[in-house]
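Reading through the structure tokens given below for one structure.
Numbering (our numbering), first residue to last: 6 to 173.
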């Protein structure tokens, strides 16, 4: 087997480029975190008098935070794209990009993909809890808040998994 002395050079250059552009790759994660925090603050802003409008705003923030990764919450255009084979889940695209220089069996890539699956499940669960909740009841608001906290935790783990793939 012959070793190509130039093989490492381009790959190292690509790694450097990925590291330099990492803030753009991580930006949707930050935006999702901010949407989740905004929903949490809105949920805990007052003791009573929550309206249907408040719940609609919270659900809108949750849909935005999920970045088209919860199948049940996709709008018709995004669903159409997904049905034609276009990847619409922003978080899946982030992992694909971050891990593109890693082998298929690389532990960092496999870990990031596993965390991604957990993240999507947490968003799906959060959407379900929010859709079924009566925002007038403090116990229901607490269930949503707990689910929000859980989703933020998974989002933080996901971000670290992406950073690990990028070696930053």
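Glycine residues also receive a C-beta, built at the ideal position from the N, C-alpha and C atoms.
What you are looking at is a predicted structure, and each value in this text was computed from that prediction instead of being measured.
According to DSSP, simplified to helix, strand and coil, what is residue i?
i           : result
residue 116 : helix
residue 44  : helix
residue 93  : coil
residue 165 : helix
residue 140 : coil
residue 157 : helix
residue 105 : coil
residue 28  : helix
residue 172 : coil
Thinking residue i and residue j are a contact (beta carbons under 8 Å), I'd like their distance in whole angstroms, please.
i           : j           : result
residue 37  : residue 70  : 4 Å
residue 155 : residue 127 : 6 Å
Shortest alpha-carbon distance to residue i belongs to which of the options?
i           : options            : result
residue 4   : 42, 15, 119        : The displayed coordinates of the chain run from 6 to 173. Any statement about residue 4 would go beyond what the structure contains.
residue 44  : 163, 114, 135, 30  : 135
residue 61  : 140, 155, 168, 148 : 140
residue 19  : 51, 102, 125       : 102
residue 171 : 157, 117, 150      : 117
residue 99  : 30, 87, 78, 113    : 30
residue 157 : 50, 131, 89, 85    : 131
residue 51  : 161, 142, 151      : 142
residue 113 : 95, 167, 83        : 167
residue 92  : 108, 73, 107       : 73
| request: List in chain order: all unbroken alpha helix (DSSP H) runs of 4+ residues lying wholly within the stretch 58-91. | output: Correct list: 81-88.
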